[in-house]
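**Student:** Structure below; questions to follow.
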Amino acid sequence: MSATDTTVHTPDSYRLPTTGPWANAWKIALGIGVLGVALAALGWSMDSRRFAFSWLFAFMGVLTVGLGGIFFVFIQHLTASGWSVSVRRLGEFMLTGLPIMAILFLPVVPYTAELFEWDAHASHGDASHGDDNHGDGSHGDSGHGEGSAEAVNHGATHAVDKGVEQDHHTDASAPFHELHEELLAHKKPYLNKPFFLGRAAFYFLSWIALTLFFFVFSTRQDYSRDKSITALFQKASPAAAALFGITLTFAAFDWMMSMEPTWYSTIYGVYVFAGGAITSHAVVTLLALGLKKQGALGNVVHTEHFHDLGKMTFAFVVFWAYIAFSQLMLQWYASIPEEVAYYHQRWNVPGWKHVSLFLVLGHFLIPFLFMMSRNIKRRLSLLGVGSAWMLIMHMVDIYWFIMPNYDRSRFSPHWMDVACLLAVGGLYMTVVFAVMRRHSLVAVGDPRLSRAIHHVSG
Amino acid sequence: MSAHAPVEEIGERPLLPPGTTFHDITEDVSRITENPAPRGWWILFMLALGLAGLLGAALTYLLTVGVGSWGNNSPVAWAWDITNFVWWIGIGHAGTLISAILFLFRQKWRTSINRFAEAMTIFAVMCAGIFPGIHTGRPWFDYYMFPLPNQMEMWPNFKSPLMWDIFAVSTYFTVSALFWFTGLIPDFATLRDRAKNPIRKWVYGFLALGWRGSNRHWRNYERAYLILAAISTPLVLSVHSIVSFDFATSVLPGWHTTIFPPYFVAGAVFSGFAMVLTLLLITRSVFGMHNLVTMKHLELMNKFMLATGTLVGYAYAMEFFIAWYSGNPYEWHVFRYNRLAGPWEGDNAGPLWWAYWAMISCNVLVPQLFWSKRMRTSIPVMFVASILINIGMWFERFVIIATSLHRDFLPSSWGYFSPTMIDIALYLGTFGLFFTLFLLFIRWIPMIAIAEVKGVLPQADPHYAPPPGSSSGGTDSVAPQGGAEVSHA
Chain S
21 MSATDTTVHT
31 PDSYRLPTTG
41 PWANAWKIAL
51 GIGVLGVALA
61 ALGWSMDSRR
71 FAFSWLFAFM
81 GVLTVGLGGI
91 FFVFIQHLTA
101 SGWSVSVRRL
111 GEFMLTGLPI
121 MAILFLPVVP
131 YTAELFEWDA
141 HASHGDASHG
151 DDNHGDGSHG
161 DSGHGEGSAE
171 AVNHGATHAV
181 DKGVEQDHHT
191 DASAPFHELH
201 EELLAHKKPY
211 LNKPFFLGRA
221 AFYFLSWIAL
231 TLFFFVFSTR
241 QDYSRDKSIT
251 ALFQKASPAA
261 AALFGITLTF
271 AAFDWMMSME
281 PTWYSTIYGV
291 YVFAGGAITS
301 HAVVTLLALG
311 LKKQGALGNV
321 VHTEHFHDLG
331 KMTFAFVVFW
341 AYIAFSQLML
351 QWYASIPEEV
361 AYYHQRWNVP
371 GWKHVSLFLV
381 LGHFLIPFLF
391 MMSRNIKRRL
401 SLLGVGSAWM
411 LIMHMVDIYW
421 FIMPNYDRSR
431 FSPHWMDVAC
441 LLAVGGLYMT
451 VVFAVMRRHS
461 LVAVGDPRLS
471 RAIHHVSG
Chain L
526 MSAHAPVEEI
536 GERPLLPPGT
546 TFHDITEDVS
556 RITENPAPRG
566 WWILFMLALG
576 LAGLLGAALT
586 YLLTVGVGSW
596 GNNSPVAWAW
606 DITNFVWWIG
616 IGHAGTLISA
626 ILFLFRQKWR
636 TSINRFAEAM
646 TIFAVMCAGI
656 FPGIHTGRPW
666 FDYYMFPLPN
676 QMEMWPNFKS
686 PLMWDIFAVS
696 TYFTVSALFW
706 FTGLIPDFAT
716 LRDRAKNPIR
726 KWVYGFLALG
736 WRGSNRHWRN
746 YERAYLILAA
756 ISTPLVLSVH
766 SIVSFDFATS
776 VLPGWHTTIF
786 PPYFVAGAVF
796 SGFAMVLTLL
806 LITRSVFGMH
816 NLVTMKHLEL
826 MNKFMLATGT
836 LVGYAYAMEF
846 FIAWYSGNPY
856 EWHVFRYNRL
866 AGPWEGDNAG
876 PLWWAYWAMI
886 SCNVLVPQLF
896 WSKRMRTSIP
906 VMFVASILIN
916 IGMWFERFVI
926 IATSLHRDFL
936 PSSWGYFSPT
946 MIDIALYLGT
956 FGLFFTLFLL
966 FIRWIPMIAI
976 AEVKGVLPQA
986 DPHYAPPPGS
996 SSGGTDSVAP
1006 QGGAEVSHA
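Shown next, in the form of structure tokens:
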């Protein structure tokens, strides 16, 4: 790295190789996606309720990766960051998969009554509803050996359910929505299907708008080298941050928190954000490692950038633990029934305790110790292992958010979870990799590229 | 041209005015500690000392008579005592954020304000520490809070968040003081080398710990600085998170909510930046340091206040939304009727609605001014805004404490809080203590980190080539060998 930089960086300098694994990456992703869709369709024909849960898990797991990409991009502009110019385009590619997520949300729509107790409540009395797949240990059925977990969970929220008929208080086997009728009626102005779908439309429109804004202008700058585009990004990024914060928070409330509509946590949006922030840095690291290995990034991305990406991943791992601990500690310590039911569901129900412990170890303790070392962050193969691990743990985290609601009496993994993840992840990656073929892999038009190339992390 | 040169088209400007030399910085900063204090300093110092005397008098009275001399009474069992504690400790957080977190994020602009902000941290923590100490009622037993072996087998209650405060705050104070002192060593050496008076030479020489500016010294210094920054970083989050646990671990509506830890941290940084700005604007203008603390620094601080103020607004919104969403009628009552409802809602209004609206106006609305560049760069606007934000953040703590307590579960026991003269005297008195220490600091200690500011000058870049026809930057006794690494580490 000499101080005098004579290299000319053109939009064609850093392209996806036309040979080798990256050239056909989108085809491979498409293959995975199609296989996943086929398996998911098969699963759907066998058990539509399980399909809905698995699909929502896969959808949220992948969506939070894409949303993390928005964060990765706007935070660089918000902080007027120069070092990250080398890798910012990789974050921008992560956004391009977001529009297809709007389509991949559609399978959730017909199943809101299965997924969200508040909608089951709304559809209550509809004879045609939901009697096809309730026989497999579904919600509200505590006829299992571990029924006590269910009973406590439901009993927990009685305190605020004054209007429920007396027999329901003692009869924990009544469906959830009957037990909490009054509470669900209270929440109806927010938790109802038309408003739910309207909000979803607003979220997707916002994310697509942010994607178009950041991606289109940035790729245009590759050719025009117009410095005013960078100034525009910096000017717009605070508003982008605000829009992102609001939509992410309420999407997290709508699509995950409201699965247990009697439970609530003010920190929930920050919690989901923290996971996405880790994952976005991990994914950018993995993309950069993969592309660098094929020589597609030249000398634009080097150890110093990987070191910094590793630092950011490490920082957000700690941030995630801080947020997760805050929620757990406060709800455990106060032990208010309607709050603590959430952790009861994830600790006292057989199987879930191990998942919870695995999260503590795998999402925080092990990566914390592993990623702390400077040597590991600068040794690219080890950094790759750490990043891939965090991506996997993110999926476990989302699984832990969603799946305890499938069967409140036991831990019940299913092959469809993997099938749906292949479907959603494969289709998302197909778009990302296909777009990647058509654009420079580096934001060569950014006026700070040379600063980024000469970056020293220390 | 160096790759690190500012790109003007995207709004980048040099941090300090072009042509600033190493020698200018040494002169501008050292001079303040060497020249006789201006008359204004003495007037302020006497005022501050007088207020500190008021603190002494109020404390003496309090210890003689007891906490009954405060306005606290059932149902408002905590009031100004804990409000002041949380407010002061929050003020300190900007200092640690600027000195530690912004250091790890390679924010070079921090060098002009970090020393100043860190000194403020230390003094603010001292003021904060007084309140939990005296609110125990029998402060002469406060040593029970430390896990001291004793024949009565009496141990602190480790399950109490107040206990965690003791450890969090004392750790915070210790690490902040160490970090501050470590950063001061090269600058003390500068003052030593410039000193003409032998006593002055000896004192600064003692404080400089034998610093000679050798390569080895710089290497050790930078390593120590980096490690202390890494240790301080989690403290920025942990201290105010634990302060928030004082409230959030309870089951009291208005206190128990999971967003409290990050919300308190954002609020602390917010109020801390406001306090740094208030003090900095005055000091900068009195001592003519416009070349060291430029409009760019001030603008960036205003952006920080906009960001943290908006985060605080997000937390208010989440609390309010979940108060409704939870369906908990008590929670909703606190937010809807104890706080939001004003006289325009007739009998629904609580007696402290004005405190809530003062908080919202100062903390959420005022910083929104800073979306505009004109407002961000107007000294009168930012000065007034910074004071309003400090007031708003005091009200935030008062709102959290008093509005959650004064109308509790049993309407027949509802009450109101009015401060007594002792409450007021104690609060004003802590200002006396704070400003006494602060004025001594700006008089005797280099208030801007000389060596660090030199490290971010273009001349400190190893690839720097002076523009043709201009003289290169001067050097002096502690020119920062390796200073460039300070800003890169």
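Read top to bottom, the protein sequences are chains S and L. Anchor point for the first sequence: position 455 equals 475 in this note's numbering, and the numbering is continuous, going up by one each time. Anchor point for the second sequence: position 117 equals 642 in this note's numbering, and the numbering is continuous, going up by one each time. Ideal placement from N, C-alpha and C gives every residue a C-beta, glycine not left out. Since we're looking at a predicted model, the values are computed, not measured.
#1: Counting only runs that start and end within the region 435-465 of chain S, where is the alpha helix (DSSP H) found for 4 or more residues in a row?
#2: Shorter than 7 Å from the beta carbon of residue 851 of chain L to some beta carbon of chain S?
#3: What distance in whole Å lies between the Cβ atoms of residue 934 of chain L and residue 841 of chain L, which are believed to be in contact at a cut-off of 8 Å?
#4: Name the two residues that bound the continuous alpha helix (DSSP H) containing residue 128 of chain S.
#5: Using only the alpha-carbon positions, how far apart do residue 366 of chain S and residue 422 of chain S sit?
#6: Would you mind sorting residue 397 of chain S into buried or exposed? The rule is 16 or more other CB atoms within 10 Å of its CB.
#7: Residue 929 of chain L and residue 799 of chain L - do their beta-carbons sit closer together than 7 Å?
#8: Distance, Cα to Cα, residue 546 of chain L vs residue 976 of chain L?
#9: Compile a chain-ordered list of the residues in the region 285-300 of chain S whose CB is closer than 9 Å to at least one CB of chain L.
#10: Give the secondary structure of residue 598 of chain L by DSSP, where H, G and I count as helix, E and B as strand, and everything else as coil.
#11: Within 7 Å of any Cβ in chain L, is that where the Cβ of residue 193 of chain S sits?
#12: I'd like the ranges of any alpha helix (DSSP H) spanning at least 4 consecutive residues and lying wholly in the region 539-591 of chain L.
#13: State the start and end residues of the unbroken alpha helix (DSSP H) segment that holds residue 665 of chain L.
#14: For residue 632 of chain L and residue 255 of chain S, what's the separation of their Cα atoms in angstroms?
#15: Could you confirm whether any beta carbon from chain S is found closer than 7 Å to the beta carbon of residue 773 of chain L?
#16: Just list the beta strand (DSSP E) runs in the region 925-965 of chain L, keeping only unbroken ones of 3 residues or longer that don't cross its boundaries, in chain order.
#17: Scan the region 565-581 of chain L for residues whose Cβ lies nearer than 9 Å to a Cβ of chain S and list them as they occur along the chain.
#18: Using beta carbons (cut-off 7 Å, strictly below), is residue 96 of chain S in contact with chain L?
#19: Starting from residue 844 of chain L, find everything on chain S with Cβ-Cβ shorter than 8 Å and list it in chain order.
#20: So, under 8 Å CB-CB, residue 264 of chain S and residue 225 of chain S are touching, yes? Tell me the CB distance rounded to an integer number of Å.
#21: I need the DSSP call for residue 654 of chain L, collapsed to helix, strand or coil.
#22: Kindly give me the distance between the Cβ atoms of residue 871 of chain L and residue 878 of chain L, rounded to whole angstroms, as I take these residues to be in contact under 8 Å.
#23: Find the residues of chain L that neighbour residue 471 of chain S, judging by a C-beta separation of less than 8 Å, and give them in chain order.
#24: Does any residue of chain L have a CB that is nearer than 7 Å to the CB of residue 247 of chain S?
#25: Select from S:125, S:314 and S:424 the residue whose C-alpha is nearest the C-alpha of residue 364 of chain S.
#26: What did DSSP end up calling residue 741 of chain L once you bin it into helix, strand or coil?
#27: Who are the Cβ neighbours of residue 292 of chain S in its own chain at under 6 Å, not counting the five residues just before and after it?
#28: Determine the extent of the alpha helix (DSSP H) in which residue 820 of chain L is found, giving its start and end residues.
#29: For the region 226-255 of chain S, list every residue whose C-beta sits within 8 Å of some C-beta in chain L, in sequence order.
#30: Under 8 Å, with one C-beta from each stretch per pair, do the region 28-48 of chain S and the region 399-415 of chain S reach the 3-pair mark?
#31: If you follow the alpha helix (DSSP H) that residue 351 of chain S is in, where does it begin and where does it stop?
#32: Listed in chain order, which residues of the region 206-222 of chain S have Cβ atoms closer than 8 Å to some Cβ of chain L?
#33: Got a sec: is the Cβ-Cβ distance from residue 539 of chain L to anything in chain S below 7 Å?
#34: So does residue 642 of chain L have its beta carbon nearer than 6 Å to some heavy atom of the ligand MG?
#35: Evaluate residue 722 of chain L with the Cβ neighbour count: other Cβ atoms within 10 Å of its Cβ, from every protein chain shown; 16 or more gives buried, anything less gives exposed.
#36: Within 8 Å, do at least three Cβ pairs link the region 756-776 of chain L to the region 809-827 of chain L?
**Tutor:** In this structure, then:
#1: 435-458
#2: Against the second sequence, residue 851 of chain L aligns to sequence position 326. Residue 851 of chain L counts as touching chain S.
#3: The residue labelled residue 841 of chain L in the question sits at position 316 within the second sequence. The residue labelled residue 934 of chain L in the question sits at position 409 within the second sequence. That pair is no contact at about 23 Å.
#4: Position 108 of the first sequence, counted from the start, is the residue given in the question as residue 128 of chain S. For residue 128 of chain S, there is no enclosing alpha helix (DSSP H), as DSSP marks it with neither H nor E.
#5: Within the first sequence, the letter at position 346 stands for residue 366 of chain S. Within the first sequence, the letter at position 402 stands for residue 422 of chain S. If you take the alpha carbons of residue 366 of chain S and residue 422 of chain S, they lie about 11 Å apart.
#6: Locating residue 397 of chain S in the first sequence gives position 377, where the first residue counts as 1. Looking at its Cβ environment, which holds 16 or more other Cβ atoms inside 10 Å, residue 397 of chain S is buried.
#7: In the second sequence, the residue the question calls residue 799 of chain L occupies position 274. In the second sequence, the residue the question calls residue 929 of chain L occupies position 404. Taking a C-beta distance under 7 Å as the contact criterion, residue 799 of chain L and residue 929 of chain L do not qualify as a contact pair.
#8: Working through the second sequence from its first residue, we reach residue 546 of chain L at position 21. Working through the second sequence from its first residue, we reach residue 976 of chain L at position 451. Using only the alpha carbons, I get a separation of about 12 Å.
#9: 285, 286, 287, 288, 289, 290 and 291
#10: Residue 598 of chain L sits at position 73 when you count from the first residue of the second sequence. In the structure shown, the three-state DSSP call for residue 598 of chain L is strand.
#11: Within the first sequence, numbered from 1, the residue matching residue 193 of chain S stands at position 173. No, because no Cβ of chain L sits closer than 7 Å to the Cβ of residue 193 of chain S.
#12: 547-559 and 564-590
#13: Locating residue 665 of chain L in the second sequence gives position 140, counting from the first residue. Looking at the DSSP string, residue 665 of chain L is not in any alpha helix (DSSP H), and its letter there is neither H nor E.
#14: Translated into positions along the second sequence, residue 632 of chain L becomes position 107. Translated into positions along the first sequence, residue 255 of chain S becomes position 235. Rounded to the nearest angstrom, the two C-alpha atoms are 19 Å apart.
#15: Walking along the second sequence from the start, residue 773 of chain L turns up at place 248. Yes - at least one Cβ of chain S is within 7 Å of the one on residue 773 of chain L.
#16: none
#17: none
#18: Counting from 1 along the first sequence, the entry for residue 96 of chain S is found at position 76. It does not; no Cβ of chain L falls within 7 Å.
#19: If you number the second sequence from 1, residue 844 of chain L lands on position 319. Per Cβ cutoff of 8 Å: 286.
#20: On the first sequence, position 244 is the one that residue 264 of chain S refers to. On the first sequence, position 205 is the one that residue 225 of chain S refers to. That pair is no contact at about 13 Å.
#21: As a first step, residue 654 of chain L is located in the second sequence; it is residue number 129 there, counting from the start. Here residue 654 of chain L sits in helix by DSSP.
#22: Within the second sequence, the letter at position 346 stands for residue 871 of chain L. Within the second sequence, the letter at position 353 stands for residue 878 of chain L. Going by Cβ atoms, the distance from residue 871 of chain L to residue 878 of chain L rounds to 12 Å, so no, they are not a contact pair.
#23: Against the first sequence, residue 471 of chain S aligns to sequence position 451. Contact annotation for residue 471 of chain S against chain L: 528 and 529 [CB-CB distance below 8 Å, chain order].
#24: Counting from one through the first sequence, the residue named residue 247 of chain S turns up at place 227. Yes, contact with chain L.
#25: Your numbering for residue 364 of chain S matches position 344 in the first sequence. That would be S:424, whose Cα lies nearest to the Cα of residue 364 of chain S.
#26: In the second sequence, counting from the first residue as 1, residue 741 of chain L sits at position 216. Note: residue 741 of chain L maps to helix in three-state DSSP.
#27: In the first sequence, residue 292 of chain S corresponds to position 272, counting from 1. Excluding residues up to 5 positions away in sequence, 272 lie with their Cβ nearer than 6 Å to the Cβ of residue 292 of chain S in the same chain.
#28: Taking the second sequence and counting its residues from 1, one reaches residue 820 of chain L at position 295. Taken as a continuous stretch (DSSP letters only), the alpha helix (DSSP H) holding residue 820 of chain L covers 820-850.
#29: 247, 248, 250, 251 and 254
#30: Contact fails between the region 28-48 of chain S and the region 399-415 of chain S, because fewer than three Cβ pairs, one in each stretch, are under 8 Å apart.
#31: As a working mapping, residue 351 of chain S is identified with position 331 in the first sequence. Here the alpha helix (DSSP H) through residue 351 of chain S covers 323-354.
#32: 206, 207 and 210
#33: On the second sequence, residue 539 of chain L is found 14 positions in, with the first residue counted as 1. Output row for residue 539 of chain L: interface = no.
#34: Among the components modelled here there is no ligand, and therefore nothing to report on the ligand MG.
#35: Taking the first residue of the second sequence as 1, we reach residue 722 of chain L at position 197. It counts as exposed.
#36: no
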